[in-house]
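Novice:
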Amino acid sequence: MTTRDAPPGPPVPANGSLTGRTAVVTGAGSGIGRACAHTLSAAGADVLLVDRDGGAVRALAAAGTGRAHVVDLTDLDAAAEVAVHADIIVNNAGVQTVAPVQDFPPERFSLILRLMVEAPFRIVRGALPHMYAQGWGRIVNVSSVHGLRASPYKSAYVTAKHGLEGFSKVVAVEGAPHGVTSNCVNPGYVRTPLVERQIAEQADTHGIGPEEVEERVLLARSPIKRLIEPREVAAMVAYLCGPDASFINGASLTIDGAWNAS
Numbered sequence: 001m002t003t004r005d006a007p008p009g010p011p012v013p014a015n016g017s018l019t020g021r022t023a024v025v026t027g028a029g030s031g032i033g034r035a036c037a038h039t040l041s042a043a044g045a046d047v048l049l050v051d052r053d054g055g056a057v058r059a060l061a062a063a064g065t066g067r068a069h070v071v072d073l074t075d076l077d078a079a080a081e082v083a084v085h086a087d088i089i090v091n092n093a094g095v096q097t098v099a100p101v102q103d104f105p106p107e108r109f110s111l112i113l114r115l116m117v118e119a120p121f122r123i124v125r126g127a128l129p130h131m132y133a134q135g136w137g138r139i140v141n142v143s144s145v146h147g148l149r150a151s152p153y154k155s156a157y158v159t160a161k162h163g164l165e166g167f168s169k170v171v172a173v174e175g176a177p178h179g180v181t182s183n184c185v186n187p188g189y190v191r192t193p194l195v196e197r198q199i200a201e202q203a204d205t206h207g208i209g210p211e212e213v214e215e216r217v218l219l220a221r222s223p224i225k226r227l228i229e230p231r232e233v234a235a236m237v238a239y240l241c242g243p244d245a246s247f248i249n250g251a252s253l254t255i256d257g258a259w260n261a262s
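Once you know that position 200 of the sequence shown is 200 in UniProt numbering, the rest is easy, because the numbers rise by one and skip nothing.
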């Protein structure tokens, strides 16, 4: 195995550890969200597939993974309703825009914070009464290394992820007496459609090949020189929702090949 190879195999066994639980996964149509939906479903959860891409989540549901729920989470009133009966929430939906601060479109900055901070707040706020009443709940916020570190040209994304980190910790403290945990997972660059678009754009900008973009640009600070696979992130998410993670609360768990440590 080279440093560019991902380990083989499925993320978690279909062991029924989440049977009887309802999980809401946002951004479930592709990438990390899709992998989380597969993994939580394999563990027995009834998964609500939340995405604005109706075709993607309907296809996933038709293939036997979860139930499709088409919604644009920038509609905050709609976001508030998606998880009112959820036992598990995976806040994953996100977008990216790359530009210097002085050129960053203000309306885009506002949209990114609305989708990646305000929508998770509304979703969790709507779900907590049910979780508190039953004395159990699991909230996993898909953050990023950029929730802990900064990179240039990503002011909205870095701001949103830092905000999500703070929100997650407050929920952890408030939810602990009620059996509710709240954690962040913090991957480096994951092989998702969003990242693949970034690679293509950087390759065009710098006049180099995609593999060179991965190593010289995206992975410059990562000792492990490969992209993370979505199922590797999903495995961590599923673990945090499972029976062995009840004392992990308020954490930010890096999945970054030692980027944050270097």
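Beta carbons: idealized from backbone N, C-alpha and C, even for Gly.
Please read all numbers here as calculations on a predicted model, not as lab measurements.
(1) Is the segment 187 to 199 in contact with the segment 147 to 165, if contact means three or more CB pairs nearer than 8 Å?
(2) Enumerate, from N- to C-terminal direction, the unbroken alpha helix (DSSP H) stretches of 4 or more residues contained entirely within the segment 117 to 171.
(3) Indicate whether the contact test is met: 3 or more Cβ pairs, each with one atom in the segment 15 to 31 and one in the segment 235 to 245, closer than 8 Å.
(4) Of the choices Leu76, Ala45 and Ser246, whose alpha-carbon is the least far from that of Ala172?
(5) With which residues is residue 269 paired in a DSSP beta bridge?
(6) Skipping 5 residues on each side, what residues in its chain have a beta carbon closer than 6 Å to that of Asp53?
(7) Give me, in chain order, the residues of the same chain whose beta-carbon lies closer than 7 Å to that of Met1; leave out the 5 immediate sequence neighbours on both sides.
(8) Tell me which residues share the same chain as Ile88 and place their Cβ nearer than 6 Å to its Cβ, disregarding the 5 neighbours each side in the sequence.
(9) With a Cβ-Cβ cutoff of 8 Å, do Arg122 and Leu49 count as a contact?
(10) For Lys225, is the beta carbon positioned less than 7 Å from some heavy atom of the ligand ADP?
(11) In whole angstroms, what separates the C-alpha of Gln102 from that of Leu73?
(12) The alpha helix (DSSP H) spanning Leu253 covers which residue range?
(13) Could you work out which residue in Ala45, Ile248 and Ala150 is closest to Cys184 when comparing CA atoms only?
(14) For Thr181, which of helix, strand or coil comes out of DSSP?
(15) In three-state terms, what does DSSP make of Asp103?
(16) Round the Cβ separation of Ala156 and Ile112 to the nearest angstrom and send it over; I've been treating them as touching at under 8 Å.
(17) Work out the CA separation of Thr39 and Asn92 for me, nearest whole Å.
(18) From the DSSP secondary-structure annotation, give me the bridge partner or partners of Asp87.
(19) Indicate the three-state DSSP secondary structure (helix, strand or coil) for Ile228 in the structure shown.
(20) DSSP on Thr3, reduced to helix/strand/coil?
(21) List the residues that DSSP assigns as beta-bridge partners of Ala187.
(22) In the DSSP assignment, the alpha helix (DSSP H) including Thr19 goes from what residue to what residue?
(23) Would a C-beta distance cut-off of 8 Å place Leu115 and Gly94 closer than the cut-off?
(24) What is the residue span of the alpha helix (DSSP H) that Gln96 lies within?
(25) Check each candidate in Gly55, Ala56, His69 and Gly31 and name the one with the smallest Cα separation from Val47.
Specialist: Reading from the atomic positions:
(1) no
(2) 119 to 134
(3) yes
(4) Ser246
(5) Missing from the structure shown is residue 269; the chain here goes from 1 to 262 and no further.
(6) Gly29
(7) Note on Met1: pLDDT 35, under 50, position unreliable in the model; no value is reported.
(8) Arg21, Ala23, Arg138 and Cys241
(9) no
(10) No copy of the ligand ADP occurs in the structure displayed, which carries no ligand at all.
(11) 27 Å
(12) Leu253 -> not in any alpha helix (DSSP H); beta strand (DSSP E) instead, spanning Ser252 to Ile255.
(13) Ile248
(14) strand
(15) helix
(16) 4 Å
(17) 14 Å
(18) Bridge partners of Asp87: none, in fact.
(19) strand
(20) With a pLDDT of 49 at Thr3, under the threshold of 50, the predicted position of this residue should be treated as unreliable, and no value is reported.
(21) Position check: residue 187 holds Pro in this sequence, whereas Ala was assumed. Pro187 is bridged to Ile255.
(22) Counting along the chain, Thr19 falls outside any alpha helix (DSSP H), and DSSP gives it neither H nor E.
(23) yes
(24) Careful: Gln96 lies outside any alpha helix (DSSP H) and carries neither H nor E.
(25) His69
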